[in-house]
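Listed in order, the protein sequences are those of chains F, C, W, B, L, S, Z and G.
Letter by letter, the first sequence follows residues 524 to 670 in the numbering used here.
Letter by letter, the second sequence follows residues 524 to 670 in the numbering used here.
Letter by letter, the third sequence follows residues 524 to 670 in the numbering used here.
Letter by letter, the fourth sequence follows residues 524 to 670 in the numbering used here.
Letter by letter, the fifth sequence follows residues 524 to 670 in the numbering used here.
Letter by letter, the sixth sequence follows residues 524 to 670 in the numbering used here.
Letter by letter, the seventh sequence follows residues 524 to 670 in the numbering used here.
Letter by letter, the eighth sequence follows residues 524 to 670 in the numbering used here.
We put the beta carbon where it would ideally sit given N, CA and C, even for glycine.
Remember, it's a predicted structure, so these values are computed and weren't measured experimentally.
Protein chains: 8
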Amino acid sequence: MEWDIYLSGEIHTDWRQKIIDGCREHNLPVAFSSPVTDHESSDGAGDMLGEEEKDYWRDHKSAKVNAIRTKTLIENCDVAIIRFGDKYKQWNAAFDAGYCTAQGTPYITLHGEDLIHPLKEVDATALAWATTPEQVVDILKYVIKEQ
Amino acid sequence: MEWDIYLSGEIHTDWRQKIIDGCREHNLPVAFSSPVTDHESSDGAGDMLGEEEKDYWRDHKSAKVNAIRTKTLIENCDVAIIRFGDKYKQWNAAFDAGYCTAQGTPYITLHGEDLIHPLKEVDATALAWATTPEQVVDILKYVIKEQ
Amino acid sequence: MEWDIYLSGEIHTDWRQKIIDGCREHNLPVAFSSPVTDHESSDGAGDMLGEEEKDYWRDHKSAKVNAIRTKTLIENCDVAIIRFGDKYKQWNAAFDAGYCTAQGTPYITLHGEDLIHPLKEVDATALAWATTPEQVVDILKYVIKEQ
Amino acid sequence: MEWDIYLSGEIHTDWRQKIIDGCREHNLPVAFSSPVTDHESSDGAGDMLGEEEKDYWRDHKSAKVNAIRTKTLIENCDVAIIRFGDKYKQWNAAFDAGYCTAQGTPYITLHGEDLIHPLKEVDATALAWATTPEQVVDILKYVIKEQ
Amino acid sequence: MEWDIYLSGEIHTDWRQKIIDGCREHNLPVAFSSPVTDHESSDGAGDMLGEEEKDYWRDHKSAKVNAIRTKTLIENCDVAIIRFGDKYKQWNAAFDAGYCTAQGTPYITLHGEDLIHPLKEVDATALAWATTPEQVVDILKYVIKEQ
Amino acid sequence: MEWDIYLSGEIHTDWRQKIIDGCREHNLPVAFSSPVTDHESSDGAGDMLGEEEKDYWRDHKSAKVNAIRTKTLIENCDVAIIRFGDKYKQWNAAFDAGYCTAQGTPYITLHGEDLIHPLKEVDATALAWATTPEQVVDILKYVIKEQ
Amino acid sequence: MEWDIYLSGEIHTDWRQKIIDGCREHNLPVAFSSPVTDHESSDGAGDMLGEEEKDYWRDHKSAKVNAIRTKTLIENCDVAIIRFGDKYKQWNAAFDAGYCTAQGTPYITLHGEDLIHPLKEVDATALAWATTPEQVVDILKYVIKEQ
Amino acid sequence: MEWDIYLSGEIHTDWRQKIIDGCREHNLPVAFSSPVTDHESSDGAGDMLGEEEKDYWRDHKSAKVNAIRTKTLIENCDVAIIRFGDKYKQWNAAFDAGYCTAQGTPYITLHGEDLIHPLKEVDATALAWATTPEQVVDILKYVIKEQ
Numbered sequence: 524m525e526w527d528i529y530l531s532g533e534i535h536t537d538w539r540q541k542i543i544d545g546c547r548e549h550n551l552p553v554a555f556s557s558p559v560t561d562h563e564s565s566d567g568a569g570d571m572l573g574e575e576e577k578d579y580w581r582d583h584k585s586a587k588v589n590a591i592r593t594k595t596l597i598e599n600c601d602v603a604i605i606r607f608g609d610k611y612k613q614w615n616a617a618f619d620a621g622y623c624t625a626q627g628t629p630y631i632t633l634h635g636e637d638l639i640h641p642l643k644e645v646d647a648t649a650l651a652w653a654t655t656p657e658q659v660v661d662i663l664k665y666v667i668k669e670q
Numbered sequence: 524m525e526w527d528i529y530l531s532g533e534i535h536t537d538w539r540q541k542i543i544d545g546c547r548e549h550n551l552p553v554a555f556s557s558p559v560t561d562h563e564s565s566d567g568a569g570d571m572l573g574e575e576e577k578d579y580w581r582d583h584k585s586a587k588v589n590a591i592r593t594k595t596l597i598e599n600c601d602v603a604i605i606r607f608g609d610k611y612k613q614w615n616a617a618f619d620a621g622y623c624t625a626q627g628t629p630y631i632t633l634h635g636e637d638l639i640h641p642l643k644e645v646d647a648t649a650l651a652w653a654t655t656p657e658q659v660v661d662i663l664k665y666v667i668k669e670q
Numbered sequence: 524m525e526w527d528i529y530l531s532g533e534i535h536t537d538w539r540q541k542i543i544d545g546c547r548e549h550n551l552p553v554a555f556s557s558p559v560t561d562h563e564s565s566d567g568a569g570d571m572l573g574e575e576e577k578d579y580w581r582d583h584k585s586a587k588v589n590a591i592r593t594k595t596l597i598e599n600c601d602v603a604i605i606r607f608g609d610k611y612k613q614w615n616a617a618f619d620a621g622y623c624t625a626q627g628t629p630y631i632t633l634h635g636e637d638l639i640h641p642l643k644e645v646d647a648t649a650l651a652w653a654t655t656p657e658q659v660v661d662i663l664k665y666v667i668k669e670q
Numbered sequence: 524m525e526w527d528i529y530l531s532g533e534i535h536t537d538w539r540q541k542i543i544d545g546c547r548e549h550n551l552p553v554a555f556s557s558p559v560t561d562h563e564s565s566d567g568a569g570d571m572l573g574e575e576e577k578d579y580w581r582d583h584k585s586a587k588v589n590a591i592r593t594k595t596l597i598e599n600c601d602v603a604i605i606r607f608g609d610k611y612k613q614w615n616a617a618f619d620a621g622y623c624t625a626q627g628t629p630y631i632t633l634h635g636e637d638l639i640h641p642l643k644e645v646d647a648t649a650l651a652w653a654t655t656p657e658q659v660v661d662i663l664k665y666v667i668k669e670q
Numbered sequence: 524m525e526w527d528i529y530l531s532g533e534i535h536t537d538w539r540q541k542i543i544d545g546c547r548e549h550n551l552p553v554a555f556s557s558p559v560t561d562h563e564s565s566d567g568a569g570d571m572l573g574e575e576e577k578d579y580w581r582d583h584k585s586a587k588v589n590a591i592r593t594k595t596l597i598e599n600c601d602v603a604i605i606r607f608g609d610k611y612k613q614w615n616a617a618f619d620a621g622y623c624t625a626q627g628t629p630y631i632t633l634h635g636e637d638l639i640h641p642l643k644e645v646d647a648t649a650l651a652w653a654t655t656p657e658q659v660v661d662i663l664k665y666v667i668k669e670q
Numbered sequence: 524m525e526w527d528i529y530l531s532g533e534i535h536t537d538w539r540q541k542i543i544d545g546c547r548e549h550n551l552p553v554a555f556s557s558p559v560t561d562h563e564s565s566d567g568a569g570d571m572l573g574e575e576e577k578d579y580w581r582d583h584k585s586a587k588v589n590a591i592r593t594k595t596l597i598e599n600c601d602v603a604i605i606r607f608g609d610k611y612k613q614w615n616a617a618f619d620a621g622y623c624t625a626q627g628t629p630y631i632t633l634h635g636e637d638l639i640h641p642l643k644e645v646d647a648t649a650l651a652w653a654t655t656p657e658q659v660v661d662i663l664k665y666v667i668k669e670q
Numbered sequence: 524m525e526w527d528i529y530l531s532g533e534i535h536t537d538w539r540q541k542i543i544d545g546c547r548e549h550n551l552p553v554a555f556s557s558p559v560t561d562h563e564s565s566d567g568a569g570d571m572l573g574e575e576e577k578d579y580w581r582d583h584k585s586a587k588v589n590a591i592r593t594k595t596l597i598e599n600c601d602v603a604i605i606r607f608g609d610k611y612k613q614w615n616a617a618f619d620a621g622y623c624t625a626q627g628t629p630y631i632t633l634h635g636e637d638l639i640h641p642l643k644e645v646d647a648t649a650l651a652w653a654t655t656p657e658q659v660v661d662i663l664k665y666v667i668k669e670q
Numbered sequence: 524m525e526w527d528i529y530l531s532g533e534i535h536t537d538w539r540q541k542i543i544d545g546c547r548e549h550n551l552p553v554a555f556s557s558p559v560t561d562h563e564s565s566d567g568a569g570d571m572l573g574e575e576e577k578d579y580w581r582d583h584k585s586a587k588v589n590a591i592r593t594k595t596l597i598e599n600c601d602v603a604i605i606r607f608g609d610k611y612k613q614w615n616a617a618f619d620a621g622y623c624t625a626q627g628t629p630y631i632t633l634h635g636e637d638l639i640h641p642l643k644e645v646d647a648t649a650l651a652w653a654t655t656p657e658q659v660v661d662i663l664k665y666v667i668k669e670q
């Protein structure tokens with residue numbers, strides 16, 4: 524069995540690459556997927572359908588185009604890793620956690636100690652909370668390869 | 524038919540009361556429910572099961588006790604109103620939006636124009652975005668009573 | 524048991540009233556619901572959330588506000604009656620038929636003989652095709668009251 | 524991951540081929556499926572089970588045989604493209620949109636500006652509205668290949 | 524809690540009445556429902572939508588009209604009692620058993636010892652097999668009223 | 524896409540082989556599955572778990588062991604062909620039809636004209652009724668290969 | 524809203540009554556249900572369908588008759604309280620916890636500190652762990668009545 | 524079709540290996556999966572996320588990390604084999620049986636005669652009860668390879 528892992532959340536640090544590299548080192552049978560992580564591309568995803576004057580509709584169109592991708596990948600994944608960084612609102616990451624919870628997909632949160640309190644509802648239905656990408660790799664290795 | 528409306532999100536302003544009052548004025552057949560909105564009670568919901576030394580586990584226990592309530596009410600509601608205010612992370616509100624989306628429950632977001640961009644994924648699967656409690660009342664009145 | 528009947532489709536003739544009156548005459552234990560049937564109100568349902576310059580977004584906002592109502596009522600109903608008249612595209616009625624089919628809700632179509640061919644996919648998953656409101660009343664009476 | 528794309532709706536222009544060709548050019552990992560697009564074959568799909576004198580039953584049998592195919596393909600697809608052209612009722616396309624909505628399958632509509640108003644309910648639950656096959660290809664390319 | 528009991532199957536003996544009477548004697552909080560049990564009415568259920576020359580289509584229309592009732596009642600019931608008598612094919616009763624199994628509704632079969640072998644698949648997913656209406660009443664009394 | 528076809532019902536004639544051979548001739552991308560069709564093996568499926576004195580329990584154990592196979596295959600199939608022959612009760616075939624209906628799996632019935640009336644409920648939710656294995660092959664060929 | 528609470532597990536102490544009494548004192552809008560808690564009645568639930576010589580089949584019949592009740596009540600409940608005592612295997616209580624988890628029903632476990640280790644999987648998907656009936660009452664009061 | 528078999532329960536005897544070896548001998552197209560069966564690794568699964576002072580939280584963290592694996596494997600499997608040995612509480616095995624029942628996954632129990640009574644609820648929804656690994660192999664061989 525190949526495990527499909529969805530990497531949700533923060534797009535401004537290299538946590539995804541660290542997890543991917545770590546899993547490769549251990550030859551884990553995993554396939555990774557992510558939202559579009561290029562900020563500008565993501566914000567302008569709807570522009571190819573015509574420009575909008577109002578910010579709301581530009582954001583709306585782009586968010587929906589991105590949802591074609593993210594909804595499909597989240598529904599297909601076996602496990603999601605949901606990362607919260609230091610900056611920005613990152614409501615889309617919390618949204619993904621709620622989505623995973625409702626459909627029963629196991630997820631692991633990845634965030635620092637300073638975010639424990641505001642993320643308590645998100646952590647409540649997570650199956651693990653990690654503080655480093657290395658810990659995520661350790662868990663995946665254990666979950667997938669341990670006998 | 525009585526409509527069950529769940530009021531999710533911000534707990535520091537009186538938006539809930541305004542919506543409840545507005546719906547009463549119009550005699551709408553609605554029943555409202557909410558998470559526990561007393562901040563201290565909510566944070567200490569798990570304390571009755573024994574104290575914890577670590578912050579993480581205190582938060583964890585409380586968040587789970589609160590989830591007994593919120594999960595049940597969200598799954599029972601016909602429509603959710605999800606409010607984002609100016610302060611705090613409010614990840615639980617975005618979590619609820621993701622939960623509603625996955626289970627197909629219609630929801631209306633309530634937030635100011637300044638939050639359009641960070642909430643674009645949350646708004647993308649909402650059925651309406653309102654900026655004032657009065658607008659929410661207007662929508663509910665239309666949705667429930669219009670012929 | 525009270526049966527919830529959703530009356531979908533055409534809004535320019537009095538077919539809804541005929542079915543409602545007919546069921547009352549027979550004292551059937553039914554509760555009826557419908558989309559908003561006032562054309563102008565329905566088209567402007569989103570205006571209370573602010574005006575739009577582009578037709579597409581005005582329609583979009585209104586259609587979503589209406590969906591809060593129609594989605595909830597269709598998911599709650601036991602049987603849907605889906606009416607196609609002589610005029611207009613009426614794609615919303617066909618949309619409702621597809622929605623009912625996917626969620627397994629029984630529905631009865633109500634349309635003239637001239638629409639048999641273009642409605643063949645819609646009729647294929649209907650449990651009955653009626654040509655008059657009186658026939659719909661007859662079926663409901665039989666289905667609900669016969670011993 | 525290979526994406527399964529279902530191409531629903533109008534059968535009288537070459538929009539399917541344009542999308543298929545466009546995706547091939549970009550080497551997208553997609554598999555396309557469609558309803559039977561030969562009009563006569565589709566209308567006579569039930570004839571192999573015996574002839575019918577009444578038009579209604581001939582249509583009914585054919586529509587059901589076609590449904591074996593379309594239902595299976597729609598339920599298996601990751602994304603549906605639903606095309607509305609200038610002519611005919613095309614209720615089957617709107618039916619497919621309702622079906623996709625109820626089962627939570629993302630879909631993109633493809634139609635001209637003149638159909639905005641009658642398709643507003645169908646567009647309300649779409650994740651994108653395109654006016655040309657080229658735009659559909661652009662979206663699929665972005666959704667599937669963007670990093 | 525009131526228990527909804529659906530009485531499926533044979534329509535030529537008075538087993539339904541015996542169960543209903545027995546449950547009344549014990550004041551069980553139950554509501555019973557059944558398919559239409561008048562043979563002629565049931566066979567002609569589709570006639571009110573117009574006559575058919577071919578037997579197949581007359582049966583087809585009637586069976587579908589009856590399905591509006593039976594599908595709704597089976598999906599709403601808490602427990603089904605499925606009765607097989609000595610005569611006729613009674614495929615509709617076995618069909619109901621399969622339907623209940625797939626949707627996870629508990630059912631009790633009611634049939635004589637002579638039918639054990641041909642009903643083995645139907646009994647395999649039943650939660651009880653009774654040979655008399657009195658036994659069914661005993662089970663319902665136990666299930667609903669025992670402390 | 525490879526289509527999984529489940530062949531349910533009568534085990535005393537060679538209808539399965541005819542369908543399999545016919546599909547091979549046309550190189551259809553199909554995989555067939557069936558219940559155990561050796562009558563004695565099927566009746567004694569539970570014997571390997573110890574002998575039973577009572578007929579009921581022998582049948583019960585065997586039916587459940589067979590259900591491990593049939594339930595799995597029916598849930599995995601894309602289309603079921605359900606065959607009713609001239610003899611025996613064949614309640615398991617009707618049970619499978621009810622199961623398919625409840626889970627939304629398309630099925631085709633295969634039976635003679637003499638069984639139209641007793642099978643009307645089973646045919647009501649079938650997507651096609653065939654009288655010969657050749658017709659089933661024709662339908663599958665059309666459904667899977669037609670452009 | 525009235526909350527349906529299912530009280531699963533140990534039947535040899537008065538924990539159920541304590542919870543029921545405690546909730547009554549606080550006038551909580553709750554309805555309680557339980558499996559049959561009379562040990563002998565429960566073990567002999569199948570006897571009314573005829574006696575069995577083999578212990579396995581007597582247990583099997585009784586367990587299935589009891590399942591008509593327990594399955595229905597567990598699927599209907601909003602929250603389950605699952606109690607593990609000092610004695611016996613109590614596998615049915617763990618079974619109920621697995622059932623609740625799979626269908627997404629919130630549950631609270633009630634057991635002593637000495638059972639922490641063997642119940643770790645059961646507690647992992649619980650939303651709270653209580654050690655006394657009074658704590659359960661406290662949680663229910665908080666969950667249902669807190670503002 | 525390859526059958527996915529999940530081997531749940533007791534980890535102190537070699538029953539898994541016997542079943543795996545037996546299936547290999549018969550060249551059955553099966554893939555096996557299991558929870559982590561190394562007792563110490565399993566108990567310490569959460570340690571890689573940081574140590575805990577309280578036993579409860581150490582167990583809790585480990586049980587959740589293990590659940591990432593077991594939940595995924597149980598949801599993916601076609602058949603589960605659930606083994607109860609002579610020692611320990613083994614509540615996780617009964618939990619898995621309840622989980623399988625709620626999601627409709629067929630399972631076979633494997634236990635001695637002395638456990639018949641306490642396991643009656645677990646056996647009630649099993650499709651077979653075996654007393655030796657050899658019997659499990661026999662059933663799998665029959666279910667998968669018999670014609």
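Residues of chain G with CB closer than 8 Å to the CB of residue i, please, in chain order.
{"i": "Y529 of chain F", "result": "Within chain G, no residue comes near Y529 of chain F; the closest Cβ sits about 13 Å away, beyond 8 Å."}
Counting C-beta neighbours from all protein chains within 10 Å, is the total for residue i 16 or more, i.e. buried, or is it exposed?
{"i": "K643 of chain B", "result": "buried"}
{"i": "P558 of chain L", "result": "buried"}
{"i": "A554 of chain G", "result": "exposed"}
Of the choices the options, whose alpha-carbon is the least far from that of residue i?
{"i": "T654 of chain B", "options": "B:L638, B:L633 and B:L663", "result": "B:L633"}
{"i": "I662 of chain W", "options": "W:W614, W:T648 and W:I542", "result": "W:I542"}
{"i": "Q670 of chain C", "options": "W:A586, W:H562, W:V659 and W:T628", "result": "W:H562"}
{"i": "I597 of chain Z", "options": "L:N589, L:H640, L:T628 and L:W538", "result": "L:T628"}
{"i": "T595 of chain F", "options": "B:W526, B:P656 and B:G567", "result": "B:W526"}
Strictly below 8 Å CB to CB, what residues from chain S border residue i?
{"i": "M571 of chain B", "result": "Q658, D661, I662 and Y665"}
Query raised in the report: Counting Cβ pairs closer than 8 Å, one from the stretch 525-540 of chain L and one from the stretch 590-610 of chain L, do we hit at least three?
Result: Yes, they touch.
Report task. Report yes or no: do the stretch 572-584 of chain W and the stretch 561-580 of chain L share at least 3 C-beta pairs separated by less than 8 Å? Result -> Judged by Cβ distances under 8 Å, the stretch 572-584 of chain W makes no contact with the stretch 561-580 of chain L, as fewer than three pairs qualify.
Query raised in the report: Taking contact to mean at least 3 C-beta pairs separated by less than 8 Å, is the stretch 582-593 of chain F in contact with the stretch 580-595 of chain C?
Result: No contact exists between the stretch 582-593 of chain F and the stretch 580-595 of chain C.
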